[in-house]
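*Asks:* The structure that follows is given in the form of structure tokens.
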Amino acid sequence: MKRFKHAFMGISALLVMTTALTACGGSDSKDTKSPSETGSSTSTDTPKSNEKVTINLWSFTDEIPNMTKKYTETHPDANVEFKTTVIATTDGAYQPALDQALAGGGKDAPDIYAAESAFVLKYTQGDASDYAANYADLGLTDQLVKDAGIAQYSVDIGSKDGQLRALGYQATGGGFIYRRSIAKDVFGTDDPTAIKSEVGPGWEKYFEAAEKLKAKGYAIVSGDGDIWHPIENSSDKGWVVDGKLHIDPKREQFLDYSKKLTDNGYSNGTQDWQEAWYADMSGAGAKPVFGFFGPAWLINYVMKDQVKETNGDWAVTEPPTGFFWGGTWLLANKEVTKDEAKKKAVADFINWVTLDTSDTGLQYYWANGTMKEGEQGTKDSVASSVVMDKSNGEVPLLGGQNMFEAFVPANKNASGKNLTQYDESINLIWRDQVRAYATGGKSREAALKDFKQTVKDQLGIESE
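Put into structure tokens, the structure is as follows:
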């Protein structure tokens, strides 16, 4: 949940938390080779065997810092101390602090740091990418990535010039999450394979389904925000191409699709992350809503607390077009490669979080909701398809459906080649202009003109 928390919860204050947690380096994974067995050191500085290696870990939530506790439990022989710094993304506080710490260097500089999808490209490919170590230099090879079945979109986002420098622990390929009872009423079945063919592939098929649903008094989605993420992340190019603002034809079409939803009454006209949107999840909106687009986290961290009377009446299938939404990537400071002990410790932790496919790796615990022994926690779609293939993805909200059957192909169909480091800002501007057009506040031409001008005024980016 933390990966999108700032988008809808409005964290009230900046949190800076620094703690020392005894943890450990060195993976006992059964399915992956320890990265310390590969790679080489550029340092002759080797600490004494009883001297702890301190790893400075920076994140914008406590999600990754909390993983160090499980790491400690599963690696009792390691000799590492984690010093964690958590700075919320409220008011954009995290990035400036991280940038300053990376630039400052020294013993207090971040050794491992997190970046979410909204700004990860800045650190993997953009302005701050020179601070990041290549995973290969840590001993985390392309073969390990291949063996773990990591979705290509995640690799693409985490790579620069063919060199991998960041991976996530969860996979956020999106599916179409729909009401079973409505599916049976309109389409005669709630089977995910059959519904997949009713709502896609492609948006033309999706709007045909919208018309069938309308005829029986249903909205196909809650609001236009529900279709934005599939459209945004299935475009051929991103917002900025060769330094100029580029409006991909697929993204421009969102103007027309948004207005079509509004004019034809195919949605309830809500805005995502607001009360009316949540109400539609529980069936309490103006019209019963058929479905929502999203990754596993939308089901397990958002809908779970909102569905109420509709709990168990949902299923998930592949969407009309592949997309992803959200995610958190882990990067290592390239300075760690100069110290063999620290390099090994950093590599082993990142390996355990992102690539270890054993039953004692973070991926397996995360997928099966077994982070706390004896307690059934939240299940989530993870980076490794190998892990999901052997995990239990059944959740009550989906009527016991194994969600991984839909999310493994969803992750494979997502693209990570259309992001830019400016997406967070440009998306906000774009959504405002589309909403103004769809609701009759301005013409299509005026919306496009105002969009281009606002991007220029706020970000200094000229249009093509």
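The opening position of the sequence shown corresponds to residue 481 in this note's numbering, with each subsequent residue numbered one higher.
Note that CB positions come from ideal geometry on N, CA and C, so glycine has one too.
Indicate whether the contact test is met: 3 or more Cβ pairs, each with one atom in the segment 833-852 and one in the segment 611-631, closer than 8 Å.
*Replies:* Judged by Cβ distances under 8 Å, the segment 833-852 makes contact with the segment 611-631, as three or more pairs qualify.
*Asks:* Does the segment 707-720 come into contact with the segment 832-841, if we say contact requires no fewer than three beta-carbon pairs (one atom in each stretch) closer than 8 Å?
*Replies:* No, they do not touch.
*Asks:* Would you mind giving the Cβ-Cβ distance between residue 675 and residue 663, rounded to the nearest angstrom? I have them listed as a contact below 8 Å.
*Replies:* Their Cβ separation, rounded to whole angstroms, is 6 Å, which keeps residue 675 and residue 663 in contact under 8 Å.
*Asks:* Would you call residue 872 buried or exposed, if buried means 16 or more other Cβ atoms sit within 10 Å of its Cβ?
*Replies:* Exposed.
*Asks:* When you compare the CB positions of residue 713 and residue 772, do they come within less than 8 Å of one another, or not?
*Replies:* No, the Cβ-Cβ distance between residue 713 and residue 772 is not below 8 Å.
*Asks:* Which stretch, first to last residue, makes up the beta strand (DSSP E) that contains residue 771?
*Replies:* Start and end: 771-774.
*Asks:* How big is the Cα-Cα spacing for residue 931 and residue 715?
*Replies:* Roughly 18 Å separates the two Cα atoms.
*Asks:* Flag this pair as yes or no: are the beta carbons of residue 945 and residue 795 separated by less than 8 Å?
*Replies:* Nothing can be reported for residue 945, as the shown portion of the chain is limited to 481 through 944.
*Asks:* Mind checking whether residue 763 and residue 790 have CB atoms under 8 Å apart?
*Replies:* Yes, the Cβ-Cβ distance between residue 763 and residue 790 is below 8 Å.
*Asks:* Pick out whichever of 897, 918, 559 has its Cα sitting closest to the Cα of residue 605.
*Replies:* Selected option, being the one with the closest Cα: 897.
*Asks:* So, for residue 686: in the same chain, excluding its five sequence neighbours on each side, which residues have a beta-carbon less than 7 Å away from its beta-carbon?
*Replies:* Cβ neighbours of residue 686 beyond the five flanking positions: 679, 680, 800.
*Asks:* Using the Cβ count rule (16 or more neighbours within 10 Å means buried), how would you classify residue 516?
*Replies:* Here the model assigns residue 516 a pLDDT of 41, short of 50, so the residue's position is not dependable, and the following value carries that caveat. Buried, by the Cβ-count rule.
*Asks:* Which term fits residue 669, buried or exposed, when burial requires 16 or more other beta carbons within 10 angstroms of its beta carbon?
*Replies:* Residue 669 comes out exposed.
*Asks:* Is it a yes or a no for the segment 817-824 touching the segment 912-926, going by three-plus beta-carbon pairs under 8 Å?
*Replies:* Segments in contact, no.
*Asks:* What residues match up with residue 535 in a beta bridge as DSSP calls it?
*Replies:* DSSP lists 562 as partners of residue 535.
*Asks:* Take the Cβ of residue 695 as the centre, count every other Cβ of all protein chains shown within 10 Å, and call the residue buried at 16 or more, exposed below.
*Replies:* Label assigned to residue 695: exposed.
*Asks:* Of the choices 554, 592, 533, 579, whose alpha-carbon is the least far from that of residue 545?
*Replies:* If we check each option's Cα against that of residue 545, 592 comes out closest.
*Asks:* I need the DSSP call for residue 639, collapsed to helix, strand or coil.
*Replies:* Of the three classes helix, strand and coil, the one that applies to residue 639 here is strand, per DSSP.
*Asks:* Does DSSP classify residue 866 as helix, strand or coil?
*Replies:* If DSSP states are grouped into helix, strand and coil, residue 866 belongs with the helices.
*Asks:* By how many angstroms is the C-alpha of residue 798 removed from the C-alpha of residue 589?
*Replies:* When rounded, the distance between both Cα atoms is 42 Å.
*Asks:* Please say whether residue 725 and residue 993 have beta carbons closer to each other than 8 Å?
*Replies:* Given a span of 481 to 944 for the chain in the structure shown, any question on residue 993 remains unanswerable.
*Asks:* So what's residue 663 in DSSP terms, helix, strand or just coil?
*Replies:* Residue 663: helix per DSSP, three-state reduction.
*Asks:* Please give the ranges of any alpha helix (DSSP H) in the segment 887-922, keeping only runs that are unbroken, at least 4 residues long and fully inside the region.
*Replies:* Whole alpha helix (DSSP H) segments, 4+ residues: 903-918.
*Asks:* So for residue 835, helix, strand or coil by DSSP?
*Replies:* In this structure, residue 835 counts as coil in the three-state DSSP scheme.
*Asks:* Is it true that the segment 774-790 meets the segment 568-577, where meeting means three or more beta-carbon pairs spaced less than 8 Å apart?
*Replies:* In short, these stretches do not touch, since the Cβ pair count stays below three.
*Asks:* Does the segment 638-650 come close enough to the segment 600-620 to have 3 or more Cβ pairs within less than 8 Å?
*Replies:* Flag = yes, the segment 638-650 and the segment 600-620 touch.
*Asks:* If we require 4 or more residues per run, which alpha helix (DSSP H) segments fall completely within the segment 749-791?
*Replies:* Runs of the alpha helix (DSSP H) inside the segment 749-791: 755-761.
*Asks:* From residue 738 to residue 944, what does the alpha carbon distance come to, in whole angstroms?
*Replies:* Distance between the alpha carbons of residue 738 and residue 944: 24 Å.
*Asks:* Taking the alpha carbon of residue 863 as the reference point, which residue from 922, 635, 755 has its own alpha carbon closest?
*Replies:* Taking only the C-alpha atoms, the option nearest residue 863 is 635.
*Asks:* Give the secondary structure of residue 657 by DSSP, where H, G and I count as helix, E and B as strand, and everything else as coil.
*Replies:* Looking at residue 657 - three-state DSSP - the assignment turns out to be strand.
*Asks:* In the DSSP assignment, what are the bridge partners of residue 458?
*Replies:* The requested residue 458 is not part of the displayed model; the chain covers only 481 to 944.
*Asks:* Between which two residues does the alpha helix (DSSP H) harbouring residue 593 extend?
*Replies:* From DSSP, residue 593 is part of no alpha helix (DSSP H) but of the beta strand (DSSP E) over 592-596.
*Asks:* Can you tell me which of 760, 727, 717 puts its alpha carbon nearest to the alpha carbon of residue 703?
*Replies:* Residue 703 has its Cα closest to that of 760, out of 760, 727, 717.
*Asks:* Leaving aside the five residues before and after residue 891 along the sequence, list all residues of the same chain whose C-beta is less than 6 Å from its C-beta, in chain order.
*Replies:* Within the same chain, residue 891 has close Cβ partners 631, 651, 653.
*Asks:* What is the DSSP secondary structure of residue 803, reduced to helix, strand or coil?
*Replies:* DSSP places residue 803 in coil when its eight states are reduced to three.
*Asks:* Closest to residue 940 by C-alpha separation, out of 814, 920, 906, would be which residue?
*Replies:* The residue with the shortest Cα to Cα distance from residue 940 is 906.
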